[in-house]
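Sequence order for the protein chains is X and L.
Here the working numbering runs 1 ahead of the position in the first sequence, where the first position is 1.
Here the working numbering runs 1 ahead of the position in the second sequence, where the first position is 1.
First up is the structure itself, then whatever we jot down about it.
2 protein chains.
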Amino acid sequence: MTGTKMRPIRKTIPVEDALRLAGGAARPLDRTERVELDACGGRVLAAPVAAGQDVPPFDRAAMDGYAVVAEDTFGAGRTAPRLLDCIETVHTGDVPTRTLQPGQCAQIATGAPMPEGADAVVMVEETDRRGTEVAVFTPVYPRQHVGRRGADIAQGAELLQRGDLLTPSRLGSIAALGIAAVEVYARPRVALLSTGGEIAPPGRPLGPGQIYDINRFTLGAVIREHGGVPTPLPTAPDNLDELGRTVDGCLDHDILVFSGGSSVGERDLTLDVIRQKGELLFHGIAVKPGKPTACGVVGDTLVLGMPGYPTSCLSNAYMLLVPVLRKVARLPPYLFRTASVPAARRFVSTPGRHQFYTVRVVDGRAVPAFKASGDITSMSQADGYIEIPARTDIVEEGETVEVKLF
Amino acid sequence: MTGTKMRPIRKTIPVEDALRLAGGAARPLDRTERVELDACGGRVLAAPVAAGQDVPPFDRAAMDGYAVVAEDTFGAGRTAPRLLDCIETVHTGDVPTRTLQPGQCAQIATGAPMPEGADAVVMVEETDRRGTEVAVFTPVYPRQHVGRRGADIAQGAELLQRGDLLTPSRLGSIAALGIAAVEVYARPRVALLSTGGEIAPPGRPLGPGQIYDINRFTLGAVIREHGGVPTPLPTAPDNLDELGRTVDGCLDHDILVFSGGSSVGERDLTLDVIRQKGELLFHGIAVKPGKPTACGVVGDTLVLGMPGYPTSCLSNAYMLLVPVLRKVARLPPYLFRTASVPAARRFVSTPGRHQFYTVRVVDGRAVPAFKASGDITSMSQADGYIEIPARTDIVEEGETVEVKLF
């Protein structure tokens, strides 16, 4: 604002356009890193995983019981057991030492390798041990209760693709192949640059006219939840040259988020530096709160100019930053946990603006939690939010709303 | 199994009873730790947070524009502007130096402290600057566009309670008070003890009869996702004395999860050591997969004996370990992301057993992903699972099922 004319926002674009423009400018990361399997939960595979071996690596018992020649059990019954000679016991981790002949069996544990000659397992529940003999009370067919070599994963199969999210079960399937570390996409690096001369870090007393930095913490937590690595930077300088140098120093980051200041002057400075060093994609979204939001690209870095009000900044983070960040991180679109509940009262929205409305769920109904613009407690005491599209002005009491839960 | 008679499971308890018993034995942690706010996302507050100061700490402008004496603007209009004398400019972080008199105004940025004497802000869009004079085109009422001191958080208010989950907006509200670190509950420590002589760690070649450890990785990832800290331990010894000593060494953990072996013998050893050192709560759940699951308490440590099959172990982890772990961690019950879709074909379930059925969602319909018991790919290639209660035998094609997404 220093000496310059204030330039208010006179034109805004619909939220859908903002998402399309910002999403179009967000480039999925190509940077990769090798990570131990133990630490790969939630990461994204950067190379396919092919099976170098069969899983399981040998035919194995699928039940505790006796490995048998299936044909020996045909016709067995509760009153007409077949008696087999038990020649050895195979524990898991053992290797059978003898080949089964007709009339013989081997006691076997779930997971232990099948002896040569055996082709089925009789469950222990269907047997009775009598010294070295075993009475079998039920017939089994060939391969019954046997886990065949390669049945789970066949050698050479492409188990997982590049871009697959590493869920617990997928980590398990990689472990099954004996692979202890994999190549995953790096986490997006997100620089957080607070603007605004009034912003002070928590942990020390405030000077006159100062308030504590909130956005660094709300944005940092959102960024971590969605696969990014936030780097909070010192408060941005308030002249164009110095701000330009600060931005230059951030260009090794994938995303740069301005936040903290909310005055027109500070915003203009942010816009000027984006225009000077790169391209401004839009400024002003028809959304409430969060109208004074800008997006641009400087070098390979996506730049978001978030409004300074903590609630506006955080609601914008949920609506705009999260989809952009997840695209850069190559994470699938985020599915909010939701609750579909009736509105506890009429919600009135600003015509022509997409509205982000914080609510609490009380007795199974959505109650407004909104206090005043900028009040962090209107979000911290909410259970989630509803969105009212630009074309809708009113949600009537009792109408079902979908609450996106925080 | 070594030398002992195999003891198959003859009795099982319903899954609801298992959850009740295990949940009843799970004690919420009392251990706390002090953590920097930057790293507190997803943690649980161990002490209330009270406001030591007002937020905002002063009356401030809620819009960019001009601080005025509201009365001066009464009757203003587009064709009848009120002309005010602009006596200073207040940036954010500034402190106003002059007291406003009637007929005067001060240019002010959003977030900047209101000058003495001013009681409202006119938005810049409703003004026109003419040298040192400002034309005001609209009336404002007292307090309009002013964020009042303490309006967001009043000094002395109890902002957050013990037990509150630290969401991004709650972290923001703590930051707003200038608090840089808080006391949170410690993360539950979970020891993972693989049993089974066949289990080998990934990263080196398999010996004869061996398979790679899968459960350590699937359980580890689930435990991390739900607020726990997994500690994988070396493979458990296969005699009671040594196993007892290993268990004694784990009693500084909050939860001990046996996993990996699945033979009756290994399971019996686990049961014997729980009985010898503590109390066995149950053994055998009427659930498929995952029947041979045990639960007990040794000292202050909750002990879960999970089946060795990777799919059984992991489905049990979702059904039993997650609720227990979250209770110990003081996290709210987990809300799965779900998709309600029609069944693509008839699902047949085992009567009397609660069934966990892995599915893929293909063209908006739930398709079974189950291969064979123990096949990790039947989970790693699934999108989620459906549960079929013990009293239901059949889900017909087209019937709506709720898929819990991985």
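Beta carbons are placed, not taken as given, at the ideal position from N, Cα and C, and that holds for glycine.
- Among the CB atoms of chain L, none fall inside 8 Å of the CB of P238(X).
- Taking C-beta separations shorter than 6 Å and ignoring five residues to either side along the sequence, the partners of T74(L) in its chain run R83, V137, P140, V141, following chain order.
- The beta-carbon of E243(X) is placed no less than 8 Å from the nearest beta-carbon of chain L.
- Distance from L281(X) to G297(X) at the Cβ level is roughly 4 Å; contact confirmed, criterion being Cβ atoms closer than 8 Å.
- For E243(X), the uninterrupted alpha helix (DSSP H) segment begins and ends at 241–249.
- By the beta-carbon neighbour count (other beta carbons within 10 angstroms, threshold 16), K12(X) is exposed.
- Under the rule that a run must span 4 or more residues, no alpha helix (DSSP H) segment is found entirely inside the region 92–150 of chain L.
- According to DSSP, H227(L) shares a beta bridge with no other residue.
- By the rule that beta-carbons nearer than 8 Å mark a contact, G309(X) touches chain L.
- Collapsing the DSSP output to three states places K372(L) in coil.
- Judged by pairs of C-beta atoms under 8 Å, the region 43–61 of chain X touches the region 98–114 of chain X, as three or more such pairs exist.
- Across the structure, V147(L) and Y335(L) are spaced so that their CA atoms are roughly 41 Å apart.
- Interface with chain L (8 Å Cβ-Cβ cutoff): E184(X) is excluded.
- Listed along chain L are A152, D153, each with a C-beta nearer than 8 Å to that of D376(X).
- For V325(L), the enclosing alpha helix (DSSP H) stretches over residues 323–330.
- Bounds of the alpha helix (DSSP H) holding P311(L) are 311–317.
- Contact holds between the region 143–162 of chain L and the region 44–59 of chain L, because three or more Cβ pairs, one in each stretch, are under 8 Å apart.
- G25(L): member of the alpha helix (DSSP H) spanning 16–26, first to last residue.
- Cβ-Cβ distances below 6 Å link L332(L) to G228 in the same chain, with the five nearest sequence neighbours on each side left out; the list follows chain order.
- Taking the beta carbon of T247(X) as reference, no residue of chain L falls within 9 Å; the closest one sits roughly 17 Å away.
- The three-state reading of DSSP puts I395(X) in strand, counting E and B together.
- Under the Cβ distance rule, L315(L) counts among the residues neighbouring chain X, one pair being separated by less than 8 Å.
- A residue is called buried when at least 16 other Cβ atoms come within 10 angstroms of its Cβ; G198(L) meets this threshold and is buried.
- At least 8 Å separates the CB of A51(L) from every CB of chain X.
- In terms of Cβ geometry, L252(X) and V299(X) form a close pair [threshold 8 Å].
- Look at the region 131–148 of chain X: the residues with a C-beta under 8 Å from a C-beta of chain L are G148.
- Within the model, the alpha-carbon separation for T351(X) versus K289(X) is close to 8 Å.
- Between R188(X) and T302(X), the alpha-carbon positions lie close to 14 Å from each other.
- Taken residue by residue, none of the region 341–369 of chain X has a beta-carbon sitting less than 7 Å from a beta-carbon on chain L.
- Among the CB atoms of chain L, none fall inside 8 Å of the CB of V325(X).
- Counting along the chain, G66(X) sits inside the beta strand (DSSP E) bounded by residues 66–69.
- The DSSP-derived three-state label of Q356(L) is strand.
- Remark: fewer than three beta-carbon pairs, one from each stretch, lie closer than 8 Å, so the region 231–239 of chain L and the region 123–132 of chain X are not flagged as touching.
- For I286(L), no CB of chain X lies under 8 Å from its own CB, so it is not counted at the interface with that chain.
- Within 10 angstroms of the beta-carbon of G385(X) lie 16 or more other beta-carbons, which makes it buried.
- Close partners of L336(L) in chain X (Cβ separation under 8 Å): R338, L406.
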